[in-house]
Amino acid sequence: MRFPAFPLRQSIAVLLTLSSHSLAARDREPVREADILPLPAAGGESSPDVLRLLAQADASASPTPALVPPPLGDASAPAGKRSPSENVVINLINRLVEKGVLTKEDATALMQQAEQDAVAARIQAQADAGAAAQQALAARGVGNPAPRPSADAVRVTYVPEFVKRQIRDDLRRDVMAQARDENWASPRALPGWVTRWKLFGDLRVRYEGSFYPSGNDNTGAFPNFNAINTGAPFDTRGSQFSPQYNTDQDRTRFRLRARVGAEVDVGDNFTAGLRIGTGENNSPVTQNQTLGGANQGQGGNFSKYAIWLDRAFLKYQFTGQPTADVVLTAGRMDNPFFGTPMIWADDIGFDGVAAQGHYTVGTARFFGTVGAFPVFNTDLNFSSNRPAKFPSSDKYLYAAQFGVDWKPHRDVQAKVAAAYYHFDKIEGRLSTPYTPLTSADAGDTDNTRPSFAQRGNTYRALRDIVPTVDNNFGTTNQFQYFGLATPFRELALTARIDYNRYEPIQVSLLGEYARNLAFDKGAIDSVAVNNRGAGSTGSPGAFTGGNNAWFAAVRVGTAKFEKRWDWNASLGYRYVESDALVDAFVDSDFGGGGTNLKGFTASAAVALSPRVSLSLRWFSANSISGPRYNNDIIQFDLNAKF
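Here the sequence shown is numbered in this note's numbering, starting from 457 and rising by one per residue.
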């Protein structure tokens, strides 16, 4: 068959018409006669001749065109040796080149122009579809309406199917992301207040053995002042021993600690916090519950255990910036101070108000904490059996700490702080002279005694009892309470250095020193009822207590348990004289809790999973002054957090 010649202009019109159908080759329909623009006749030939040419080109193509059109064939090669393309437009162009209608250069230029037009059409189609989607969202009140198209905007009536699918996927992804953020596309979603709650908790099961080497003094040299002061006053002229601490009989026990808490975002930079936990009593330094222990009316014979309110606070964050921040907290909160268990037990909570802030300059982060905390508040009706009431004996802790967290080297992190803890009116005071006729007759300074204590601090008698005929001139009815013999103004220096050269293994050094600046040994010697040496005739000798304390430890291992078999180990030594610290708030494990103790601590722990671990700890404590007291404690813990 001989193909007629027709002008180049008509060829271009045909090709450009076809390009809108065929460049998205994978998704197009076969070219139909109705889809081709009618062309004017030229040289005696009409548009049906063009259609025959297209039909022959389409017959050479595969029913499934290639995704990317192949390059133009070599027009100089014999027709029989030229491989037909799978794309009808490419075949048509090759036929036109063979017939001399187009040069190879003109054909290449036509294909480049067609490809550019197709790309422009896809971009315009995506823009139009995006504008339509935004207008649909705007009708629902979501997002911003699309701007109206300009007068010279080009509108494309054909969008390839794969472009449509891409537009649908992009829109679906964007709309669903906005729906999740604004919580309007999921009618079964949880209420908004639920997402503002952050729940957490932990559980610990412990075996504990407490062992007392032979040679400890068990002659009545270790009065349990906490038992006396939280019960009826003790008759110092009676025929019975005062409550005493165990110094000679080994004990083993299983203990449980469980805590569950939540922090709630209440909006506008406010956060509320709550936590409840176990505890066989309301001790401030431990939440351990002895399994089977029938103390305080709970436990034993599989009885249920009490749950205590452990945290309840409201916090306000001023800025929340990484380089500068100030946080105010009020209520019952976590310990806001940087320290070791030598001064503050791990489980202790603080009642009151605290302000914490930090400011970062280069590699140094300066931080500070100030706070006021009520330690004791006088009962509204004290004393209950007197018509005329006694004055208040409120006690407070005023505290401030300032320090720096500094990274002098890429492998070294150092944190150092200085703190001052001022315990206002925590010491005991002698009462107005009076004669108690029964144990219920209160003195006006009875409330200066500690409401909780461990062991180690020096005590004095609180009641100035007048000898009369009613007490057989001081030989009977000497009902007595005891208070701390010294004020406490504690200066503390704390430091920690972390070395991370061998990550994930970290080597840490910890140190702390504390001194009671209000300690007056001469004044204490005149009133102290304990912490005395032996006298020459068997009577109590001079006061032997002190006011210094220090702690040092090294820790090696994984800084934080994140996977199975992470581990750490530590070894430490502490030396805490009798009146360096308030014994009520220090570590409750070392020596059974308290001050006037020195000795070693060692521990090792391993992770069984990111949230479950095993640990083994050993405490060896010896008394510093007064009668001999040695104690070794071993603890084996199974811990879980959630």
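Even for Gly, the Cβ is constructed at its ideal location relative to N, Cα and C.
Predicted, not measured: the structure shown is a model, and the values here were computed from it.
Reducing DSSP to helix, strand and coil, say where residue i ends up.
{"i": "residue 845", "result": "coil"}
{"i": "residue 653", "result": "strand"}
{"i": "residue 555", "result": "coil"}
{"i": "residue 494", "result": "Caution applies to residue 494, whose pLDDT of 42 falls short of 50 and renders its modelled position unreliable; the value that the coordinates give is listed next. Residue 494: coil per DSSP, three-state reduction."}
{"i": "residue 798", "result": "coil"}
{"i": "residue 705", "result": "coil"}
{"i": "residue 620", "result": "helix"}
{"i": "residue 776", "result": "coil"}
{"i": "residue 631", "result": "helix"}
{"i": "residue 896", "result": "coil"}
{"i": "residue 571", "result": "helix"}
{"i": "residue 1024", "result": "strand"}
{"i": "residue 837", "result": "coil"}
{"i": "residue 1089", "result": "strand"}
{"i": "residue 758", "result": "coil"}
{"i": "residue 903", "result": "helix"}
{"i": "residue 721", "result": "strand"}
{"i": "residue 648", "result": "helix"}
{"i": "residue 406", "result": "Nothing can be reported for residue 406, as the shown portion of the chain is limited to 457 through 1098."}
{"i": "residue 578", "result": "helix"}
{"i": "residue 700", "result": "strand"}
{"i": "residue 1043", "result": "coil"}
{"i": "residue 1035", "result": "coil"}
Between residue i and residue j, which are expected to be in contact by the criterion C-beta below 8 Å, what is the C-beta distance as a whole number of angstroms?
{"i": "residue 947", "j": "residue 917", "result": "Not a contact, Cβ separation roughly 29 Å."}
{"i": "residue 679", "j": "residue 699", "result": "7 Å"}
{"i": "residue 881", "j": "residue 849", "result": "7 Å"}
{"i": "residue 806", "j": "residue 792", "result": "7 Å"}
{"i": "residue 1035", "j": "residue 1075", "result": "The Cβ separation is near 22 Å, so there is no contact."}
{"i": "residue 436", "j": "residue 711", "result": "Residue 436 is absent from the structure shown; the chain starts at 457 and stops at 1098."}
{"i": "residue 662", "j": "residue 1046", "result": "Contact flag wrong, Cβ pair sits at about 15 Å."}
{"i": "residue 818", "j": "residue 767", "result": "The pair is not a contact, with the Cβ atoms about 35 Å apart (cut-off 8 Å)."}
{"i": "residue 714", "j": "residue 655", "result": "Residue 714 to residue 655, Cβ: 14 Å. No contact."}
Specify, as a first and last residue, the run of the alpha helix (DSSP H) that residue i falls within.
{"i": "residue 977", "result": "977 to 981"}
{"i": "residue 681", "result": "681 to 685"}
Can you tell me where the beta strand (DSSP E) holding residue i begins and where it ends?
{"i": "residue 733", "result": "726 to 733"}
{"i": "residue 918", "result": "Note, residue 918: premise wrong, no beta strand (DSSP E); not H, not E."}
{"i": "residue 821", "result": "820 to 832"}
{"i": "residue 692", "result": "Note, residue 692: premise wrong, no beta strand (DSSP E); not H, not E."}
{"i": "residue 959", "result": "From DSSP, residue 959 is part of no beta strand (DSSP E); its letter is neither H nor E."}
{"i": "residue 929", "result": "From DSSP, residue 929 is part of no beta strand (DSSP E); its letter is neither H nor E."}
{"i": "residue 870", "result": "868 to 880"}
{"i": "residue 1019", "result": "Note, residue 1019: premise wrong, no beta strand (DSSP E); not H, not E."}
{"i": "residue 1050", "result": "Where residue 1050 is concerned, there is no enclosing beta strand (DSSP E), given that its DSSP letter is neither H nor E."}
{"i": "residue 815", "result": "805 to 817"}
{"i": "residue 938", "result": "938 to 940"}
{"i": "residue 989", "result": "988 to 990"}
{"i": "residue 997", "result": "996 to 999"}
Keeping to the same chain, check which residues put their C-beta closer than 7 Å to that of residue i; ignore five residues upstream and five downstream.
{"i": "residue 932", "result": "693"}
{"i": "residue 852", "result": "828, 829, 830, 831 and 880"}
{"i": "residue 870", "result": "862, 864 and 953"}
{"i": "residue 902", "result": "918 and 937"}
{"i": "residue 688", "result": "895"}
{"i": "residue 839", "result": "845, 846 and 898"}
Provide the residue(s) that pair with residue i in DSSP beta bridges, ordered along the chain.
{"i": "residue 563", "result": "Partner(s): none; residue 563 has no beta bridge."}
{"i": "residue 970", "result": "948 and 1005"}
{"i": "residue 711", "result": "662 and 746"}
{"i": "residue 954", "result": "869 and 964"}
{"i": "residue 1061", "result": "1024 and 1071"}
{"i": "residue 1096", "result": "659 and 1068"}
{"i": "residue 856", "result": "826 and 876"}
{"i": "residue 1076", "result": "1056 and 1088"}
{"i": "residue 784", "result": "772 and 811"}
{"i": "residue 851", "result": "832"}
{"i": "residue 1013", "result": "962 and 1024"}
By Cβ distance below 8 Å, which residues in the same chain neighbour residue i in space, the five residues on each side in sequence not counted?
{"i": "residue 961", "result": "1012, 1013 and 1014"}
{"i": "residue 868", "result": "953, 954, 955 and 956"}
{"i": "residue 922", "result": "889, 890 and 891"}
{"i": "residue 1081", "result": "987, 989, 1000, 1001, 1002, 1033, 1034 and 1052"}
{"i": "residue 1042", "result": "741, 797, 798, 799, 800, 801, 910, 1032, 1049, 1050 and 1051"}
{"i": "residue 760", "result": "754"}
{"i": "residue 649", "result": "none"}
Which same chain residues, not among the five before or five after residue i, have their C-beta less than 6 Å away from its C-beta?
{"i": "residue 856", "result": "826 and 876"}
{"i": "residue 1107", "result": "One cannot answer for residue 1107 here, as it falls past the ends of the chain, which runs 457 to 1098."}
{"i": "residue 1056", "result": "1029 and 1076"}
{"i": "residue 815", "result": "780 and 822"}
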